[in-house]
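Colleague: Got a structure for you, written out below as structure tokens; questions coming shortly.
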Amino acid sequence: MEHKFNLKYAPHLGMFKASAGENPIDQLNFMADQGFTAFEDNGMKGRTIDLQKQMASTMEKRGISMGVFVAHKIYWKEPNLASGDENLREEFLSQIKESVEVAKRVNAKWMTVVPGHVDLRQNMGYQTAHVIESLKRASNILEPHGLVMVLEPLNFRNHPGLFLSESPQAFEICKAVDSPSCKILFDIYHQQIQEGNLIPNIDASWDEIAYFQIGDNPGRNEPTTGEINYKNVFKFIHEKGFKGILGMEHGNSIKGAKGEQAVIDAYKASDSFL
39 MEHKFNLKYA PHLGMFKASA GENPIDQLNF MADQGFTAFE DNGMKGRTID LQKQMASTME
99 KRGISMGVFV AHKIYWKEPN LASGDENLRE EFLSQIKESV EVAKRVNAKW MTVVPGHVDL
159 RQNMGYQTAH VIESLKRASN ILEPHGLVMV LEPLNFRNHP GLFLSESPQA FEICKAVDSP
219 SCKILFDIYH QQIQEGNLIP NIDASWDEIA YFQIGDNPGR NEPTTGEINY KNVFKFIHEK
279 GFKGILGMEH GNSIKGAKGE QAVIDAYKAS DSFL
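Using the numbering used here, the letters of the sequence shown correspond one by one to residues 39 to 312.
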């Protein structure tokens, strides 16, 4: 009998390929066999339409909810949304429109948005206003479809120089955009490095959080391999009544099928908070 988890943890392609093989459909079926009820795929937008449809059909058959995919080109080294440049804003909005079609095809509700690099030539207040304006326009595209872009703050160590790095900043921006289509992706790994104080920060920004991602620190591998007490973090999220998805956006600490079993075991252990 497959395991029943208390929360909707979402593996990604490649996480179980030693056990399930290279085929994405076989991997999805393996995830379902282990009791996982969600899946996320950063690269879904780049997959063929035929594969997207096959994956959607498999997820529907196996009771797997689709999590996030990346909605647009991320500017890691230069400013785009923070700059206020109209051409870069239009590029972003056209990519959001394309992502609506992908979301419909794969039954996704959430898509990841990263506002890009800071603009060192502009005051932070101006940059924030530019980002908010772009996100308001993107929300206007998404709202009629009931879709949600989730803003992901990323840590300074892995991604130096990005505009969005902290949960209070994401909270402030979501309040300003004021749309059901603009929420926070709280990546627990990134925020442990960036700001720590995880449970109080999750609590403080709770109204605007729509999605979580997971990874232990250091190493960005499965829970139980680093310093984060995931059992307590998951317990808190569960007690708050969270019904959404928690993406397993991390590596495996051990290679091969043995390491894949270790990931499954780590989630069973961390999820045993009731």
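Built from N, CA and C at the ideal position, the CB exists for glycine as well.
1. Under 9 Å between the Cβ atoms of P49 and V271?
2. Is I222 closer than 9 Å to I247 when the C-beta atoms are compared?
3. Between the alpha carbons of Y327 and D303, how many angstroms are there, rounded?
4. Give me the Cβ distance between V152 and I112, rounded to the nearest whole Å; I'm assuming they're in contact under 8 Å.
5. Apply the 10 Å Cβ neighbour rule to K142 and answer buried if 16 or more other Cβ atoms are within range, or exposed otherwise.
6. From the DSSP output, in three-state form, read off V188 for me.
7. Have a look at Q72 and L126 and give me their C-alpha separation to the nearest angstrom.
8. Could you name the residues that DSSP lists as bridge partners for K221?
9. For a test of the three-state rule: what should DSSP assign to A109, helix, strand or coil?
10. Buried or exposed: A242, going by 16 or more other Cβ atoms within 10 Å of its Cβ?
11. Mind reading off the beta-carbon distance from E116 to H155? Whole number of angstroms is fine, and I expect it under 8 Å.
12. Pull up the distance between the alpha-carbon of M69 and that of T75, whole angstroms please.
13. Counting only the same chain and skipping the five closest in sequence on each side, list residues whose C-beta sits under 7 Å from that of P182.
14. Any heavy atom of the ligand MG within a distance shorter than 8 Å of the CB on A248?
15. Since P62 and M97 should fall inside the 8 Å C-beta cutoff, what is the C-beta to C-beta distance between them, to a whole number of angstroms?
16. Beta strand (DSSP E) containing Q251: first to last residue?
17. Terminal residues of the continuous alpha helix (DSSP H) containing K46?
18. Can you check whether the CB of A109 is closer than 9 Å to the CB of S132?
19. Indicate the three-state DSSP secondary structure (helix, strand or coil) for W114 in the structure shown.
20. Please report the distance separating the alpha-carbon of L45 from that of Y249.
21. Pull the bridge partners of M39 from the DSSP assignment, please.
22. For the beta strand (DSSP E) containing L284, list its first residue and its last residue.
23. Could you please give the first and the last residue of the uninterrupted beta strand (DSSP E) stretch that includes T150?
24. Taking just the CA atoms, how far does M82 sit from G282?
25. Does the beta-carbon distance from V144 to F194 come in below 9 Å?
Modeller: In short:
1. no
2. yes
3. With the chain covering only 39 through 312, there is no way to say anything about residue 327.
4. 5 Å
5. exposed
6. strand
7. 43 Å
8. Under the DSSP definition of a beta bridge, K221 partners with V188.
9. coil
10. exposed
11. Indeed, because the Cβ distance is near 5 Å, the residues count as touching under 8 Å.
12. 8 Å
13. none
14. Summarising the ligand content, the structure contains no ligands, and the ligand MG is consequently not present.
15. Actually they are not in contact, since the Cβ atoms of P62 and M97 sit about 11 Å apart, beyond 8 Å.
16. 247-251
17. Run containing K46: none in the alpha helix (DSSP H); it sits in the beta strand (DSSP E), 46-48.
18. no
19. coil
20. Answer to the nearest angstrom: the Cα atoms are 12 Å apart.
21. M39 is not bridged to any residue.
22. 283-285
23. 148-151
24. 19 Å
25. no
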